[in-house]
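One structure is given below, encoded as C-alpha cells.
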Amino acid sequence: MGKLKTQSLQKRDSDLANSNRQLEILSNGIFADGELPTFKTKISETNQFPLKAKKLEILQINVGYMCNQVCEHCHVDAGPDRKEIMTRETMQQILDVIKTTGAHTLDLTGGAPEMNPNFRWFVEEASKIGISDFIVRSNLTIIRANKKHYDLPDFFKKHNIHVVSSMPHWTRGKTDKQRGEGVFDMSITALQELNKRGYGMPDSGLKLDLVYNPNGAYLPGDQVTMEKDFKKALLEDFDIQFHNLFAITNLPIARFLDYLIASENYEDYMYSLVEAYNPAAVENVMCTNTLSVSWDGYLFDCDFNQMLALPVNSKSKHISEYKEELLEGRNIVISQHCYGCTAGAGSSCQGVVTD
Ligand code: SF4
Ligand code: SF4
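Below is the structure:
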C-alpha cells in the first residue's frame, strides 16, 4: 500500500487523543450556552430519557486498535502505531460469558480485527460453543496487505462470517482521499477475492455488505439511492457484487472531531445533526441490544462510548465480572455524540436503523 494519509491522534500527541478533552468539547460551547439542546434534553422532549438497554443480542468485541490504515475520519483513532491488542485470556473470559448469555451474534471490530494474532483462534473457539452468527468489520485491504492474510476469504467462508466492509466510494480518488493512497485498488482486489468464494452473490448465504460514510462535514444521502449507485458502478467497472450498503453518519469523536475542528466545521456539523434529529430513530440505536467489549475487557454501551471512555452504568464493568441481571435494563450513557445515531433515518454501525 502507498503512503499513509495521516497519523493517529495519539502518535501526534494531539490533546484530542484524550477522551476527557473530547467530552469537554462536546459538552461546552454551543451546548453549554443553550444555543443547541443537549442530547438528554432532546430525548426528554419525547419521554425517551433515560435510554434503556433491552435484551442483549449482540456482543461487539473490539479486539484491538491496531490497523494497517490510518483513515482520516476514524472514530477509533486506529493505526499501525496503536498497540492495544486483546489477549487470549480476555477472549477466553468472553467465551465463558457467551455460554451463559442469550447473545446470538459476535461482532468483531477493531482497528483491523484480523491483525489480532488470536483472531482466528477466537472465531474457531466461539464456533465450537455454538455461535454461528459472526460479523467481521473488515477494512478489506488487510486481506491483501500481507501474504499471511491472503487466505482470509477462505477462513471467512469456512465459518460463514458476515463480512461488513468499509468502502467510502466507488471511485479511486474519493476512497484514497479518505482512507489513504492505494486503498481503493487493494479493496477492489479483496472484493473480487470475496466474490470468487461466493461472497456477495445474489443468492449466496455468504453475506457481504459495504459501509459508506461521508468524506466531509455533511450527513450521508439516501441509503437506497446510494446502494443502487454503488452496485451499478462496481458491477460495470470491476464486475463486483455485494448485498447491502449501509450509509453511516460520522460521529463527532476522535479523528472526525479533529477534522471538524481543524476545518472550522464543528458547530455547523452539530447544527446539522441536531436539525436532522429523528425521535423514531432513538428506539433502535445499537446500544439498546448490543454490549461493547474493549480490548482489555471493559464493558461499554457501544464502540463510540468505548472511545470516549464512558463505561457502562452498571456494577458489572468488566467481562470477568459479567452479570446479565446487572446489565439488562441499565441506563445508557449518553452525550452529544449520540446525535450522530439519531440523524435522519438513524445510523449506528449498521446504517439506517428504522424502516
Ligand atoms: S476507519 Fe477502520 S480501517 Fe480506517 S483506520 Fe479506523 S479502524 Fe482502520
Ligand atoms: S453513540 Fe449511539 S449507540 Fe452509542 S450510546 Fe449514543 S446513541 Fe447509543
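The sequence shown begins at 5 in the working numbering and counts up by one.
Glycine included, every Cβ here is placed at the ideal spot set by N, Cα and C.
Inter-residue Cα distance where the pair is residue i and residue j
i    : j    : result
D360 : G344 : It is not possible to answer for residue 360, since the shown part of the chain is limited to 5 through 359.
S12  : G209 : 37 Å
M311 : L144 : 22 Å
T45  : A194 : 45 Å
H247 : A116 : 22 Å
V187 : T179 : 7 Å
Q227 : S169 : 16 Å
L30  : G38  : 13 Å
E61  : A130 : 15 Å
S18  : E128 : 38 Å
G355 : K200 : Reliability fails at G355, whose pLDDT of 48 lies under 50, so the model's placement of it is uncertain and the value that follows must be treated cautiously. Distance between the alpha carbons of G355 and K200 is about 26 Å.
S136 : G33  : 46 Å
L223 : I252 : 8 Å
E325 : D100 : 11 Å
V316 : E329 : 13 Å
R25  : G68  : 22 Å
F53  : N309 : 17 Å
K58  : E240 : 43 Å
L314 : F304 : 7 Å
Cβ-based neighbour list, residue i, same chain, cut-off 8 Å, excluding 5 preceding and 5 following
i    : result
G202 : K161, S208, L210
T358 : Bear in mind that a pLDDT of 34 at T358, under 50, signals an unreliable position, so the number given afterwards is only what the model happens to contain. Cβ neighbours of T358 beyond the five flanking positions: N282, A284, A285, E287, N288, A349, G350.
K56  : T292, G333, R334, N335, I336
P206 : Q245
D307 : Q64, N66, H79, V80, T113, S296, C353
Where residue i falls, given that 16 or more other Cβ within 10 Å makes a residue buried
i    : result
C353 : Per-residue confidence for C353 stands at a pLDDT of 49, beneath the threshold of 50, marking its modelled position as unreliable; no derived number is given.
S48  : exposed
N3   : Absent from the structure is residue 3, since the part of the chain shown begins at 5 and ends at 359.
E76  : buried
N51  : exposed
I133 : exposed
A36  : exposed
Y270 : buried
P121 : exposed
N66  : buried
S339 : buried
A266 : exposed
G106 : exposed
G204 : buried
L112 : buried
D243 : exposed
N22  : exposed
N150 : exposed
Own chain partners of residue i with C-beta closer than 6 Å, once the 5 adjacent residues on each side are dropped
i    : result
C78  : R259
S142 : V167, S169
A237 : W174
L331 : S318, S320
E231 : L249
T94  : G301
I165 : F138, V140
G6   : Residue placement at G6 cannot be trusted, given a pLDDT of 47 that sits under 50; what the coordinates show is reported in the next sentence. E185, G186, listed in sequence order.
Sequence-distant residues of the same chain with beta carbon closer than 7 Å to residue i, five excluded per side
i    : result
L277 : Y343, G344, A347
Y273 : A221, P256, L264
L8   : Low per-residue confidence applies at L8: pLDDT is 49, beneath 50, and the placement is therefore not dependable, though the value from the model is reported in the following sentence. Once the five neighbours on either side are set aside, the close Cβ partners of L8 are V74, G184.
K103 : I133
L156 : E118, I147
Q97  : G301, I323, S324
Among the options, nearest to residue i - alpha-carbon criterion
i    : options                : result
P172 : G301, R183, V80        : R183
T91  : N317, W125, S18        : W125
Y154 : Q196, Q64, G177        : Q196
R176 : S191, H166, H163       : S191
P41  : N309, I323, E279, V316 : E279
T229 : F242, F250, R86, L212  : F250
K15  : E28, R25, P84          : P84
N217 : G204, K181, L198       : K181
F138 : E28, D243, D305, L63   : L63
K152 : K235, D189, F123, Q97  : F123
Y275 : F43, A82, C306         : F43
F159 : D189, L198, A149, N150 : L198
_Residues with C-beta closer than 6 Å to any heavy atom of ligand 2, in chain order_ = V289, M290, C291, D305, C306, F308, N309, I336, I338, H341, C342, C345, S352
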